[in-house]
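S.K.: Here the numbering used here is used: the first residue of the sequence shown is 24, the next is one more, and so on.
Glycine included, every Cβ here is placed at the ideal spot set by N, Cα and C.
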Amino acid sequence: MVGKLNKILTITGLILVWIPVLAPAFFSIVALIQMGRFLFDFLMPAELFLVFLAGAILLLVASIRTKHYVKQIGFGLLSAVILLFGGQGIAVITGLASGEREFGDWVTVLVMVMIFLYIFAVIEIEIFGFYLLRKMNSNSSADTERK
24 MVGKLNKILT ITGLILVWIP VLAPAFFSIV ALIQMGRFLF DFLMPAELFL VFLAGAILLL
84 VASIRTKHYV KQIGFGLLSA VILLFGGQGI AVITGLASGE REFGDWVTVL VMVMIFLYIF
144 AVIEIEIFGF YLLRKMNSNS SADTERK
């Protein structure tokens with residue numbers, strides 16, 4: 024029963040964590056088909072942060088329960104939160120978010136780099152979520168062979 028709960032947590036977490044990454048690609052394809060223009064919203068993973076957060080917490084709980092990849096998923100989650108809120112904070116403090124500061128200087132580059140690093144942290148959690156699921160599947164098949 025405990026193994027099934029961990030798998031459910033992991034699979035649900037993976038689905039939720041992948042939504043912010045796959046949504047921009049999906050909507051870009053839809054826009055290309057409907058309007059004939061390729062439109063890609065690279066900020067959508069940041070806009071869907073709460074969906075990512077729910078999935079990452081589920082993956083973290085599953086990793087803590089199984090004692091596998093806890094540091095990697097925990098570090099990825101902490102990094103994602105710091106990078107996203109740090110980038111937003113810098114944009115607000117410097118006036119980039121309100122339009123006071125012109126788009127295109129070093130602050131813009133800094134904020135964009137932080138958002139791209141946030142997306143890489145999300146992808147890192149997705150990768151270790153798959154590793155966690157694979158580890159659970161290999162452990163359950165090893166348990167089945169012992170019986």
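#1: In angstroms, rounded to a whole number, what distance separates the CA positions of Tyr-141 and Asn-162?
#2: Quick check: does the Cβ of Ala-54 come within less than 6 Å of any heavy atom belonging to the ligand NAD?
#3: How long is the line joining the alpha carbons of Gly-97 and Leu-76, rounded to whole angstroms?
#4: For Arg-157, name the three-state secondary structure that DSSP assigns.
#5: Between Ile-105 and the rest of its own chain, which residues show a CB-CB distance below 8 Å, the 5 nearest in sequence each way excluded?
#6: Count the other CB atoms, across all protein chains shown, that sit within 10 Å of the CB of Ser-86; report buried if there are 16 or more and exposed otherwise.
#7: Mind checking which residues open and close the alpha helix (DSSP H) that includes Arg-124?
#8: In terms of residue numbering, what span does the alpha helix (DSSP H) encompassing Arg-88 cover?
#9: Rounded to whole angstroms, what's the CA-CA distance from Leu-55 to Leu-155? Just pull it up for me.
#10: Count the other CB atoms within 10 Å of the CB of Val-132; is the residue buried (16 or more) or exposed (fewer)?
#11: Do the segment 104 to 120 and the segment 35 to 45 touch if we need at least three Cβ pairs shorter than 8 Å?
#12: Taking all protein chains shown into account, do 16 or more other C-beta atoms lie within 10 angstroms of the C-beta of Phe-151, making it buried, or fewer, making it exposed?
#13: Whole angstroms is fine: what's the gap from Asp-128's alpha carbon to Leu-32's?
M.R.: Looking at the atomic coordinates:
#1: 31 Å
#2: Inclusion of the ligand NAD in the displayed structure is not the case, the ligand content being empty and no account of it being possible.
#3: 12 Å
#4: helix
#5: none
#6: buried
#7: Neither: Arg-124 is in no alpha helix (DSSP H) and is coded neither H nor E.
#8: 72 to 89
#9: 35 Å
#10: exposed
#11: no
#12: buried
#13: 43 Å
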